[in-house]
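Trainee: Under the numbering used here, the residue at position 82 of the sequence shown is numbered 91, and the numbers go up by one with no gaps.
Just so it is clear, CB atoms sit at the ideal spot from N, CA and C, and this is done for glycine as well.
I am attaching a structure below and will ask some questions about it afterwards.
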Amino acid sequence: MSASTHKPDNGLMGAPHGNDAGKRDFLKLVAGAGAAVGLGALAWPLIDSMNPSSDVLALSSVEVDIAPVPEGSGITVVWRGKPIFVRHRTPAEVKSAVDVSLAQLIEPVADKDRVKAGHEPWLIVIGICTHLGCVPLGNKPTDPRGDFGGWLCPCHGSQYDTAGRVRHGPAPANLPLPPYAFTTDTKIKIG
Ligand code: FES
Numbered sequence: 010m011s012a013s014t015h016k017p018d019n020g021l022m023g024a025p026h027g028n029d030a031g032k033r034d035f036l037k038l039v040a041g042a043g044a045a046v047g048l049g050a051l052a053w054p055l056i057d058s059m060n061p062s063s064d065v066l067a068l069s070s071v072e073v074d075i076a077p078v079p080e081g082s083g084i085t086v087v088w089r090g091k092p093i094f095v096r097h098r099t100p101a102e103v104k105s106a107v108d109v110s111l112a113q114l115i116e117p118v119a120d121k122d123r124v125k126a127g128h129e130p131w132l133i134v135i136g137i138c139t140h141l142g143c144v145p146l147g148n149k150p151t152d153p154r155g156d157f158g159g160w161l162c163p164c165h166g167s168q169y170d171t172a173g174r175v176r177h178g179p180a181p182a183n184l185p186l187p188p189y190a191f192t193t194d195t196k197i198k199i200g
């Protein structure tokens, strides 16, 4: 497998939200990524002894073109078998994330510590609910996003705000941040 530039994948965006079809689509996506990673892991001892190519090393990172993601919407890409939410926040969504009092938060973290300086509209989080690991809804503007405008986990009702911070349990923690960097204003590299 080679380093790939992922165009925004509509696997989740195009699927009916919250239903089995959407979950199946996502599972297919994850299963494919998992199989690829598994193959890489199996092959690793041999390849490692042969000076691994950049193609092999690239399994650990994914480059994403974020230019086509409209404001107010988001996409899901897969990195190391995990769903990564890339959300293009509106000015109002950024403002609500910045303005909230940290005292109101279950896991208090300022918005500025969850985004990259100079790229505040973009929130990149690992899309796995910190309760029991479901994939929350909310990337599409038509998805349910809960009372705080971010994501709603349909499994047990946890809600996240527009900074991906948990605002309503039972999830105990914010959506985690993956390692990533902006390589240009419209491209990010995850991993
Ligand atoms: S897994 Fe998300 S609320 Fe339970």
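Are the segment 142-157 and the segment 166-177 in contact at 8 Å, needing three or more beta carbon pairs?
Mentor: yes
Trainee: In the DSSP output, what is H97 paired with across the bridge?
Mentor: W131
Trainee: Do T99 and G127 count as a contact pair if the criterion is CB distance below 8 Å?
Mentor: Their beta carbons are not under 8 Å apart, which means G127 does not touch T99 by this criterion.
Trainee: For L146, which residues does DSSP report across the bridge?
Mentor: L161
Trainee: Would you call A190 buried or exposed, if buried means 16 or more other Cβ atoms sit within 10 Å of its Cβ?
Mentor: exposed
Trainee: In this structure, does DSSP put K91 in helix, strand or coil?
Mentor: strand
Trainee: Here's the rule I'm using: 16 or more other beta-carbon atoms within 10 Å means buried, otherwise exposed. How should G147 be labelled?
Mentor: buried
Trainee: Once the 5 residues before and after C138 are set aside, which same chain residues still bring their CB inside 6 Å of it?
Mentor: P145, C162, S167 and A180
Trainee: Could you give the residue range of the beta strand (DSSP E) that holds R174?
Mentor: First-last for R174: undefined, no H or E at that position.
Trainee: Could you tell me whether any non-hydrogen atom of the ligand FES is closer than 7 Å to the CB of A180?
Mentor: yes
Trainee: Assuming L111 and A119 form a contact by the criterion Cβ under 8 Å, report the distance between their Cβ atoms to the nearest whole angstrom.
Mentor: 7 Å
Trainee: Along the chain, where does the beta strand (DSSP E) containing K196 start, and where does it finish?
Mentor: Note, K196: beta strand (DSSP E), K196 to I199.
Trainee: Can you pull the DSSP bridge partners for T193?
Mentor: K196
Trainee: Going by C-alpha to C-alpha distance, which of P187, L186, L141 and D170 sits closest to K104?
Mentor: D170
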